[in-house]
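Residues in the sequence shown are numbered from 754 upward in steps of one, following this note's numbering.
We treat Cβ as the ideally placed atom computed from N, Cα and C, and that holds for glycine.
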Amino acid sequence: MNDNDVGGGSDGALTRAEHLLDVHRPREALRAVAAELARDPQNVTALGLAARAELDLKEPRRARELATRAAAAQPHAEYPLRLLALSLHALGRFTDACEAAQAAVANAPNVWQTHYTLAYVSAGTPGMDSVAREAARRAVELAPLEAETHAVMGQVAVEQGDQTTAENALREALRLNPNLAMARNDLGRLHLLRKDHFGAAGHFAHAAADDVRMDVAQHNIDAALAMAVGRVVFWVCVAVFILGRFAVKDESDGAVGFGYAMLAVLVALVIWQAVLIVPAARGGLGTYLRMLPHRDRLMTATVGLLVLGMTALMVMCVVPPDSRLWPLMVGVPAVLGSRLLLELRARELQKAEGG
C-alpha cells in the first residue's frame, strides 16, 4: 500500500520524512518529524508520517495514538482514519479496525486507498466476508492499474477459499508489480491450500526477499517446510507400520517381498519430494535452503534425522531378513526423533505467531 498522499503544507522536514519512509528508514523519519510535532502537536501531516513510521517499526500502539490524534484534529479526512484502521488491525482489534476503515470510506468514497484499507482489515474478520469482497471489488474498479488493488482482492479470496479468483487476482498483481511482496506471500498461502508445501515456501521466500520487513513471509517459509517434512515423516511411519513389521520376520517366506515393497514406497517418497522441491529450489527457496543449517538448526536436525532414518530403513529392505533388526533399530528411532523435533519446531512457530 502506497500511502504517499499525506496532505499539503509539508515543509522541508516533512518532505524529507516522507522520502525516508519510502526507502524504509522509519527511525530517521521519526527524527525528522519530531521538531515539527514539538512545534505543532496537531499537525496532521506530521502525525500521519509519525504513525506510518511507528507502523513500519512494528509499534502499533504508538501508531494508534498518533493516528487518533490526527483523526481528532481533522475528522473529515480519510488518511488518518486509514492509519487508525491499520494500527487497530495490527493490535488485533479487528472490529474496531473495520469501523475506522468504513469511516475512511465514508469520508472519501472515490479514493481507492480507502476501499483497499477496508478490504485489507476486514479480510478474514468473522461476519465481514461480503464487506471485504465488495471493498476489494470497488478498489479494483477505481484503480485497475494499481497492483495493490488486485493483491487485496487476492487476499480476500484466499481468506474466503475462492482459489480461482485468488489466483487470477494475485497473478494480475504480480504482472503489474513483480516485486509486490504482499501478492507473492498470498500466492504462497494459496499453494498451501493446495497442499503444495514446497511451491508455497518458494513464493514465501520470494516475498521475504522482495520486502525484508515482511516477517510474516519468513514465518510462513518455516511453517511450509515444517508441513512438508511432517508429510514425509507421516508416510514413512505408515510404511514402517504396515510393511516394516512383516519385513523383519525372518521366518516368513514373504519377508523379502515385504522388504522390497517397503523399499519401493520409500523410493517413491524420495522421488515425489524431489519432483516438488526442485522447481521451488531453483527460485528463492534455494537460497533459503542453503542457509538453513545456519538459520534454523532445529529444522536442520529434524531433516538430518529423517534422512538418517530413511537411509537405514532402505538398507534394511535390501539386506537378508535375518540381518534387518539392526538397521531397523537405527531407522525407527531416527524417524521418531525427527517427529519429536518437528513437534518442538511447530510449537516454536505457534509461539512466534501468537506474538
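**OP:** Could you say if the region 1051–1063 and the region 977–995 meet the contact criterion of at least three C-beta pairs nearer than 8 Å?
**Re:** They touch, by the three-pair rule.
**OP:** Leaving out five residues on either side along the sequence, give the residues of the same chain with a beta carbon under 8 Å from the beta carbon of residue 1051.
**Re:** The residue given as residue 1051 occupies position 298 in the sequence shown. Hits under 8 Å: 1094, 1097, 1098 and 1101.
Subject >> Delimiting residues of the alpha helix (DSSP H) encompassing residue 975 >> reply: Indexing the sequence shown from 1 puts residue 975 at position 222. Residue 975: member of the alpha helix (DSSP H) spanning 968–992, first to last residue.
Subject >> Enclosing alpha helix (DSSP H) for residue 839 [first to last residue] >> reply: By 1-based counting over the sequence shown, the position of residue 839 is 86. For residue 839, the enclosing alpha helix (DSSP H) covers residues 832–843.
Original post:
Excluding sequence positions up to five away, which residues of its chain have a Cβ less than 6 Å from the Cβ of residue 757?
Top reply: Taking the first residue of the sequence shown as position 1, residue 757 is located at position 4. With a pLDDT of 43 at residue 757, under the threshold of 50, the predicted position of this residue should be treated as unreliable, and no value is reported.
Subject >> Opening and closing residue of the alpha helix (DSSP H) in which residue 1015 lies >> reply: Counting from one through the sequence shown, the residue named residue 1015 turns up at place 262. Segment 1008–1034, the alpha helix (DSSP H) holding residue 1015.
Original post:
By how many angstroms is the C-alpha of residue 1089 removed from the C-alpha of residue 886?
Top reply: Mapped onto the sequence shown, residue 886 falls at position 133. Mapped onto the sequence shown, residue 1089 falls at position 336. If I take the Cα positions, the gap works out to 45 Å.
**OP:** Could you spell out where the alpha helix (DSSP H) holding residue 1062 opens and where it closes?
**Re:** As a position in the sequence shown, residue 1062 is number 309, starting the count at 1. Membership of residue 1062 in the alpha helix (DSSP H) is indicated by the continuous run 1050–1071.
**OP:** Rounded to whole angstroms, what's the CA-CA distance from residue 941 to residue 905? Just pull it up for me.
**Re:** Translated into the one-based positions of the sequence shown, residue 941 becomes position 188. Translated into the one-based positions of the sequence shown, residue 905 becomes position 152. Their backbone Cα atoms lie some 14 Å apart in a straight line.
Subject >> Beta-carbon spacing of residue 820, residue 837 below 9 Å >> reply: On the sequence shown, residue 820 is found 67 positions in, with the first residue counted as 1. On the sequence shown, residue 837 is found 84 positions in, with the first residue counted as 1. The Cβ atoms of residue 820 and residue 837 lie closer than 9 Å to each other.
Subject >> Simplified DSSP assignment, three categories, for residue 864 >> reply: Looking up residue 864 in the sequence shown gives position 111. In the three-state reduction of the DSSP assignment, residue 864 falls in the coil class, being assigned neither a helical nor a strand state.
Subject >> Exposed unless 16 or more other CB atoms sit within 10 angstroms - verdict on residue 975 >> reply: In the sequence shown, counting from the first residue as 1, residue 975 sits at position 222. So residue 975 ends up on the buried side.
**OP:** Measure the beta-carbon distance from residue 908 to residue 949 and round it to whole angstroms, keeping in mind my assumption that it falls under 8 Å.
**Re:** Translated into positions along the sequence shown, residue 908 becomes position 155. Translated into positions along the sequence shown, residue 949 becomes position 196. No, residue 908 and residue 949 are not in contact; Cβ-Cβ is about 18 Å, not under 8 Å.
**OP:** Taking residue 953 and residue 977 to be in contact with their CB atoms under 8 Å, please state how far apart those CB atoms are, rounded to whole angstroms.
**Re:** One-based indexing of the sequence shown puts residue 953 at position 200. One-based indexing of the sequence shown puts residue 977 at position 224. Here residue 953 really is in contact with residue 977; their C-beta atoms are around 4 Å apart, less than 8 Å.
Original post:
Going by Cα to Cα distance, which pick from 870, 900, 897 and 898 is closest to residue 888?
Top reply: Numbered from 1 along the sequence shown, position 135 holds the residue referred to as residue 888. Distance check between residue 888 and each of 870, 900, 897 and 898 places 870 closest, using alpha-carbon atoms only.
**OP:** Can you have a look at residue 881 and say buried or exposed, based on whether 16 or more other CB atoms are within 10 angstroms of its CB?
**Re:** Along the sequence shown, one-based indexing puts residue 881 at 128. Classification for residue 881: buried.
Subject >> Length of the line joining the Cα atoms of residue 1109 and residue 878 >> reply: This structure leaves residue 1109 out entirely; the chain is present only between 754 and 1108.
**OP:** Could you tell me how far apart the beta carbons of residue 825 and residue 816 are, in whole angstroms, since I believe they sit closer than 8 Å?
**Re:** Your numbering for residue 825 matches position 72 in the sequence shown. Your numbering for residue 816 matches position 63 in the sequence shown. Distance from residue 825 to residue 816 at the Cβ level is roughly 15 Å; contact not present, criterion being Cβ atoms closer than 8 Å.
Original post:
Under 9 Å, do residue 883 and residue 854 count as touching if we go by C-beta distance?
Top reply: On the sequence shown, position 130 is the one that residue 883 refers to. On the sequence shown, position 101 is the one that residue 854 refers to. Taking 9 Å as the cut-off, the Cβ atoms of residue 883 and residue 854 do not count as close.
Original post:
Taking one C-beta from the region 1066–1086 and one from the region 1014–1021 each time, how about it: are there three or more such pairs within less than 8 Å?
Top reply: Touching, yes.
Original post:
Does the beta-carbon of residue 927 have 16 or more other beta-carbons within 10 angstroms, so that it is buried, or is it exposed?
Top reply: For the purposes of this step, residue 927 is identified with residue 174 of the sequence shown, where counting begins at 1. So residue 927 ends up on the buried side.
**OP:** My understanding is that residue 867 touches residue 831, with C-beta atoms under 8 Å, so please give their C-beta distance in whole angstroms.
**Re:** Working through the sequence shown from its first residue, we reach residue 867 at position 114. Working through the sequence shown from its first residue, we reach residue 831 at position 78. Correct: roughly 5 Å between the Cβ atoms.
Original post:
Just reading off the alpha helix (DSSP H) that residue 956 is part of, what are its end residues?
Top reply: Your numbering for residue 956 matches position 203 in the sequence shown. Note, residue 956: alpha helix (DSSP H), 950–963.
**OP:** Check whether the Cβ atoms of residue 823 and residue 833 lie closer than 9 Å to each other.
**Re:** As a first step, residue 823 must be located in the sequence shown, where it is residue number 70. As a first step, residue 833 must be located in the sequence shown, where it is residue number 80. Less than 9 Å separates the beta-carbon of residue 823 from that of residue 833.
Original post:
Can you name, in chain order, every residue of its own chain whose Cβ lies under 7 Å from the Cβ of residue 1046, other than the five neighbours on each side?
Top reply: What you label residue 1046 is simply residue 293 of the sequence shown in a count that begins at 1. Listed in chain order, the non-local C-beta contacts of residue 1046 below 7 Å within the same chain comprise 1053, local neighbours out to five positions each way being set aside.
Original post:
Rounded to the nearest angstrom, how far is the Cβ of residue 892 from that of residue 910, given a contact under 8 Å?
Top reply: For this step, residue 892 is matched to residue 139 along the sequence shown. For this step, residue 910 is matched to residue 157 along the sequence shown. In fact, because the Cβ distance is near 13 Å, the residues do not count as touching under 8 Å.
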